[in-house]
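In this text, residue positions in the sequence shown follow this note's numbering: the first is 154, and each later residue adds one. First the structure, in the form of structure tokens, and then the observations on it.
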Amino acid sequence: MRMMPKLYLRAKLLPYEGKVLELTEHRQALLATEGNILVLGGPGSGKTTIALLKADREIQTGNLKTGQRILFLSFARATIARVAQQAGKLLTIEGKERLEINTYHGFTWNLLRSHGYLLRKGRGIQLLLPPEAAARLSGIEGDARSQEKYRLFFEEGLLHFDLFAEIASSLLSRSQSLCRIICDAYPIIILDEFQDTNKEEWALIQSLGEHSRLIALADAEQRIYEFRGADPMRISEFIERYSPTSFDFGNENHRSRGTDIAIFGNDLLTGANKSKTYNDVNVSKYGFYGGCNPHYPVKTTLIASLKRQLKSGKDDWSIAVLVPTKKLMLQVSDYLGAKSDNLPSLQHDVALDTEAPALAAVLIASLLEGAPTASEIAQRLLNDLCTHIRGRKGNTPLNQSELALVNALGDFLQSGTIRGIKRKRIVETAKLLGEQRFELKLSGDPGKDWLSIRDMLHVCNAQEFMQIADDAKYLRLLHKGAVLRSRLNELWRKSGSYIGAAAAVRDALVQEHFSASLKEWRGLHVMTIHKSKGKEFSEVIIYESRHHGKIVWQGADAKAHAQAKLTLRVGVTRAMEKTTILTPGSDPCLFL
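What follows is the structure, encoded as structure tokens:
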């Protein structure tokens, strides 16, 4: 590995977003470097920016042949959207045209959709979306679960997301001609968040690295995905295999320049933060608030942050409430949206998993389609309900009650008999809903008709159907101009009905999953700390509750302890202006 020395002489200045980017000699040397490159640096150190400038330099110097492009890969769609926005401001017109920005999943799906048939004796493949995968794999654990994923692919042509990199790597390793074609199309590949790659993704990257130049962007201290296979040795493996020229931007900070947020993040790794105070990171040890909701402290803190941002007069501000667990995220979201404790309701976005809303959407679309008889509608509704119950919690196994209910409803669909008061009520409710849908006069307006179906479920007499209505509230596919709304309009114009609506929902979900929509993170947001990776906000509030949803638990082993510290650092450094950490005074976070 060739390590370039840090030089900070004769810097060039580059206008960007109303600020000035400093192109030190260190960064200029990177722009001139050929061959494989490793770029190291902490959060906000400018790794992405210099990678984009490097891509533009390669394009402008004529190093690409006609038809060739530079490929930029990252994990999260939010990151891709942010990088695309950044590229739009930094790159020349030709640079933007010849730079392809995609997620690892998006790139591998394009590859497998076009050439995956080579692994299935000429038969095509279809995507198994996470909600459908959760339903198909419900109740299957351990090695049997992995084997079922392979069976679904090789026998049914259904590709699970977990197999994307492995199958793509197998395809390229078995077809050297295809590998050369792909590498010739993308002679330079930029690998964002390289430290988070698992062994299957690493194998795919090595296949691409046979003929393409690789530029890896990494920060070992942001490796928070060990649970999905990220390896602490990955950066060393890259160095050993490719002998890259290495550039280390260390603790340079452009995201929160002028603040001590990045300093706190780095001190957190050594424990130095415990004996220091900071201007832009506030650690608040909250107490008890008798008679108030347990999450009262986070709402009052958020209101104070909101007032600060509104007072600033900016219209592009954003505030994120980051929590350790999904359960706490939902509790906080519910409380923020409620009017209680003499506090107003706060409108916000919550970063939910897709399984529950997606499966609810398929069920509602099926009801929109209808059927020739009320009985057929009810039968299909019960079948869709079983799928919803199996898959709505993602990879979390069903509890005994849920499993028994699904089995009983499945038996009913085969035999026509059901036992138990609760189960009979569900069946009777399905029959009633079937009759209501059969009699329903649709308007032809997809938005209104969708809400009519959802409202039917919301006011029915069975909690299981009411849950579907609640899950569907989080669907983001029916706003004006959305693909799904357009498709439903098209179905109605052609036939005066919504026959094909369920398929339209599935198509929209696929498109939504791979889209890197240029979402601007404005306003208020609630999400897990892990979900915040790759995003940035004006202010960040990190909150752990008193009884659950802890950043790190007392008694955690060394590995869990280290991962929790890295995760907290990621959350803290998402802020551009200010970070507040709320921890219970009676049981404060071990890191603070």
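By construction, the Cβ of each residue, glycine as well, lies at the ideal position given by its N, Cα and C atoms.
Boundaries of the alpha helix (DSSP H) in which M609 is found, first to last residue | The sequence position of residue 609 within the sequence shown is 456, counting from 1. Run containing M609: P599 to H611, per the alpha helix (DSSP H) assignment.
Identity of the residue in R304, G197 and A204 nearest R180 by Cα | Here residue 180 refers to the residue found at position 27 of the sequence shown. Among R304, G197 and A204, the Cα nearest to that of R180 is on A204.
Determine contact between the stretch 249–258 and the stretch 230–240, defined as no fewer than three beta-carbon pairs at a distance below 8 Å.
-> yes
How is A751 classed by DSSP in three states: helix, strand or coil?
-> As shown, the chain starts at 154 and ends at 745. That puts residue 751 outside it, with no answer to give.
From what residue to what residue does the alpha helix (DSSP H) around E393 run?
-> Start at 1 with the first residue of the sequence shown, and residue 393 comes out as number 240. Segment R387 to Y395, the alpha helix (DSSP H) holding E393.
Identify, in the order they occur along the chain, each residue of the same chain with its Cβ nearer than 7 Å to the Cβ of V658, setting aside the five sequence neighbours on each side.
-> Residue 658 sits at position 505 when you count from the first residue of the sequence shown. Close CB contacts of V658 within its chain, under the 7 Å cut and outside five residues either way in sequence, are with A514, V515, A518 and L637 (chain order).
Expressed to the nearest angstrom, what Euclidean distance is found between the alpha-carbon atoms of L206 and L176?
-> In the sequence shown, counting from the first residue as 1, residue 206 sits at position 53. In the sequence shown, counting from the first residue as 1, residue 176 sits at position 23. If you take the alpha carbons of L206 and L176, they lie about 10 Å apart.
CA-to-CA distance, R722 to Q500, given in whole angstroms = Here residue 500 is taken as the residue at index 347 of the sequence shown, counted from 1. Here residue 722 is taken as the residue at index 569 of the sequence shown, counted from 1. Spanning the two alpha carbons is a distance of roughly 27 Å.
W470: buried (16+ other C-beta within 10 angstroms of its C-beta) or exposed?
-> Translated into positions along the sequence shown, residue 470 becomes position 317. By the 10 Å Cβ count, W470 comes out buried.
Simplified DSSP assignment, three categories, for V485 = For the purposes of this step, residue 485 is taken as residue 332 along the sequence shown, with counting starting at 1. Helix, per DSSP.
Mapping DSSP to helix, strand and coil, what is H268?
-> For the purposes of this step, residue 268 is taken as residue 115 along the sequence shown, with counting starting at 1. Helix at H268.
G537 - DSSP class collapsed to helix/strand/coil | Numbered from 1 along the sequence shown, position 384 holds the residue referred to as residue 537. Inspection of the sequence shows that residue 537 is occupied by Asp rather than by Gly. In this structure, D537 counts as helix in the three-state DSSP scheme.
Counting only the same chain and skipping the five closest in sequence on each side, list residues whose C-beta sits under 7 Å from that of T186.
-> Working through the sequence shown from its first residue, we reach residue 186 at position 33. Cβ within range, chain order: T398.
Which listed residue (K546, G194, S365 and F228) has its alpha carbon closest to that of I342 | Position 189 of the sequence shown, counted from the first residue, corresponds to residue 342. When only C-alpha atoms are compared, the closest one is S365.
Best match in F307, A561 and A717 for proximity to V476 [C-alpha to C-alpha] = Residue 476 sits at position 323 when you count from the first residue of the sequence shown. It is A717 whose Cα lies nearest to the Cα of V476.
In the DSSP assignment, find the unbroken alpha helix (DSSP H) run with K460 in it and report its ends.
-> The residue labelled residue 460 in the question sits at position 307 within the sequence shown. From DSSP, the alpha helix (DSSP H) with K460 extends over Y449 to S465.
State yes or no: is the C-beta of L357 within less than 9 Å of the C-beta of E319?
-> Position 204 of the sequence shown holds residue 357. Position 166 of the sequence shown holds residue 319. A Cβ-Cβ contact shorter than 9 Å links L357 with E319.
Paired residues, beta bridge with T732 - DSSP | Taking the first residue of the sequence shown as position 1, residue 732 is located at position 579. Answer is V434 and V693.
Own chain residues within Cβ distance below 8 Å of A164, not counting five before or after | For the purposes of this step, residue 164 is taken as residue 11 along the sequence shown, with counting starting at 1. Caution applies to A164, whose pLDDT of 47 falls short of 50 and renders its modelled position unreliable; the value that the coordinates give is listed next. Around A164: E175, L176, T177 and E178.
Residue nearest to D420 in terms of C-alpha spacing, selected from D710, D740 and T726 = One-based indexing of the sequence shown puts residue 420 at position 267. Just measuring C-alpha positions, the residue of D710, D740 and T726 sitting nearest D420 is T726.
Inter-residue Cα distance where the pair is P158 and K274 = For the purposes of this step, residue 158 is taken as residue 5 along the sequence shown, with counting starting at 1. For the purposes of this step, residue 274 is taken as residue 121 along the sequence shown, with counting starting at 1. Here P158 scores only 42 on pLDDT, less than 50, and its place in the model should not be relied on; the value that follows carries that caveat. So the two alpha carbons sit approximately 52 Å from each other.
Going by beta carbon distance, what residues of the same chain come within less than 8 Å of L551, once the five residues before and after it are set aside?
-> Residue numbering aside, residue 551 sits at position 398 when the sequence shown is read from its first letter. Excluding positions up to five away in sequence, the list reads S291, G292, I542, R543 and V559.
Length at least 4, wholly inside the stretch 213–291: the alpha helix (DSSP H) runs in chain order | 230–243, 246–250, 257–268 and 283–289
Buried/exposed call for H678, threshold 16 Cβ in 10 Å = In the sequence shown, residue 678 corresponds to position 525, counting from 1. When all chains shown are included, H678 counts as buried.
Cut-off 8 Å between Cβ atoms - residues of its own chain near L281, not counting five sequence neighbours on either side = In the sequence shown, counting from the first residue as 1, residue 281 sits at position 128. Taken in chain order, the residues that qualify are R289, L305, L311, L312, H313 and F314.
By DSSP, does G295 sit in helix, in strand, or in coil?
-> Counted from its first residue, the sequence shown places residue 295 at position 142. If DSSP states are grouped into helix, strand and coil, G295 belongs with the helices.
Is the Cβ-Cβ distance between A373 and F391 less than 9 Å?
-> The residue labelled residue 373 in the question sits at position 220 within the sequence shown. The residue labelled residue 391 in the question sits at position 238 within the sequence shown. Taking 9 Å as the Cβ cut-off, A373 and F391 do not qualify as a contacting pair.
Could you give the distance in angstroms between the alpha-carbon of I695 and the alpha-carbon of R533?
-> By 1-based counting over the sequence shown, the position of residue 695 is 542. By 1-based counting over the sequence shown, the position of residue 533 is 380. Going by the C-alpha atoms only, they are around 44 Å apart.
Residue burial classification, H700 (beta-carbon count within 10 angstroms, cutoff 16) = Working through the sequence shown from its first residue, we reach residue 700 at position 547. Classification of H700: exposed, given that the 10 Å Cβ count is below 16.
Close beta carbons around T736, own chain, < 8 Å, minus the five adjacent residues each side = On the sequence shown, position 583 is the one that residue 736 refers to. Cβ neighbours of T736 beyond the five flanking positions: V436, S437, K438, Y439, E697, I704, C742 and L745.
CA-to-CA distance, M680 to W746, given in whole angstroms | An answer regarding residue 746 cannot be provided, because it is not within the stretch 154 to 745 covered by the chain.
Boundaries of the alpha helix (DSSP H) in which I320 is found, first to last residue | Taking the first residue of the sequence shown as 1, we reach residue 320 at position 167. Segment F317 to R327, the alpha helix (DSSP H) holding I320.
Expressed to the nearest angstrom, what Euclidean distance is found between the alpha-carbon atoms of T214 and F347?
-> Locating residue 214 in the sequence shown gives position 61, where the first residue counts as 1. Locating residue 347 in the sequence shown gives position 194, where the first residue counts as 1. Distance between the alpha carbons of T214 and F347 is about 26 Å.
Who are G676's beta bridge partners in DSSP?
-> As a first step, residue 676 is located in the sequence shown; it is residue number 523 there, counting from the start. The partner list for G676 (beta bridge, DSSP) reads S471.
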